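One structure is given below, encoded as structure tokens.
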Amino acid sequence: MSNFLDELRNDHRDFDSGKLTDFFPQTPFELFELWFNEAIKNHEKEPNAMVLSTCDIKTYQPSSRVVYLKELLDSQFIFYTNYSSQKGKEIDLNPRASVLFFWPGLQRQVRIDGNVKKVGSEISDAYFTSRPRASQLGAWASHQSDKLEQRVILEQRFAELEKQFTHDIPRPENWGGYGLQPFIFEFWQGRPSRLHDRIVYEKQNSSWEIYRKNP
Ligand SMILES: Cc1cc2nc3c(=O)[nH]c(=O)nc-3n(C[C@H](O)[C@H](O)[C@H](O)COP(=O)(O)O)c2cc1C
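Encoded structure:
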């Protein structure tokens, strides 16, 4: 049987899409915004998709999944989800989490560690209200991360809720936003000969220490 990874394993292309200057903004948020805008300009697919990793403190098992960054508010990375989901339960017990952006066209990744907490209900309400009706119904219908015996059960729940809610749909209590408050950022830029740039911003009280790491 042919190994489906053969071609990729033998792909030794160099990273030569970009480089960094030696000037770095004082805060990582400025650099993040700069890179994010470049990702958009570069037509990266899903520039606001981030891999969110949480860790179950009972088993020490980390788990990762993609969520969308919806806002950067008061220096917090905001995403929306079901508070009773696996990630929600893990965050309840262990608020430390990590998010990762990967923009392959620019050969860049940004890695951010921080503490996560729920955003105020008015922020969640405002975002929920802005969503299309079908997404609002979906939030009610999906008991996210619970076992589902058959897909048809989910579809029936959706259809019943559609009949039940004749006017505005309120936000489910267990659905809303989380904000990740970062204490460390690492900006990674692919460079030739595997001599990549890694620029770290580490929070020190009210300022950020900036340093490089070996690739
Ligand atoms: C591109 C993409 C974007 C996603 N965005 C979200 C999101 O913003 N919120 C969310 O709850 N799930 C989102 N998901 C689904 C999650 O990856 C995940 O399946 C779900 O949240 C359940 O995760 P959990 O069981 O680990 O809690 C997205 C998936 C993909 C592939």
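Mind the numbering: the sequence shown is residues 0 to 214 in numbering that gives the first Met the number 0, read in order. Virtual Cβ for every residue (Gly too), placed ideally from N, Cα, C. Everything numeric in this text was worked out from a predicted model, so none of it was measured.
Where residue i falls: helix, strand or coil (DSSP)
| i | result |
| --- | --- |
| residue 185 | strand |
| residue 63 | strand |
| residue 172 | coil |
| residue 115 | strand |
| residue 110 | strand |
| residue 4 | coil |
| residue 87 | helix |
| residue 126 | helix |
| residue 19 | coil |
| residue 39 | helix |
Assigned exposure category for residue i - 16 Cβ within 10 Å defines buried
| i | result |
| --- | --- |
| residue 27 | buried |
| residue 119 | exposed |
| residue 61 | exposed |
| residue 43 | buried |
| residue 46 | buried |
| residue 38 | buried |
| residue 72 | exposed |
| residue 147 | exposed |
For residue j and residue i, believed in contact at Cβ under 8 angstroms, the rounded distance
| i | j | result |
| --- | --- | --- |
| residue 113 | residue 182 | 5 angstroms |
| residue 96 | residue 51 | 6 angstroms |
| residue 143 | residue 81 | 4 angstroms |
| residue 41 | residue 104 | 5 angstroms |
| residue 197 | residue 124 | About 39 angstroms; that fails the 8 angstroms criterion. |
Proximal residues to residue i (C-beta, below 6 angstroms), its chain only, five neighbours per side dropped
| i | result |
| --- | --- |
| residue 222 | This structure cannot speak to residue 222, because the chain is shown only from 0 to 214. |
Close-in-space but distant-in-sequence residues of the same chain around residue i (CB under 7 angstroms, 5 per side omitted)
| i | result |
| --- | --- |
| residue 90 | 53, 96, 115 and 177 |
- Query: Counting Cβ pairs, one atom from each stretch, are 3 or more of them under 8 angstroms apart for the region 68-78 and the region 134-151?
  - Reply: no
- Item | Meets three-Cβ-pair contact criterion under 8 angstroms: the region 54-73 and the region 154-166 | no
- Query: Can we say the region 97-115 touches the region 169-186, given the rule of at least three CB pairs closer than 8 angstroms?
  - Reply: Yes: the two stretches touch, three or more of their Cβ pairs being nearer than 8 angstroms.
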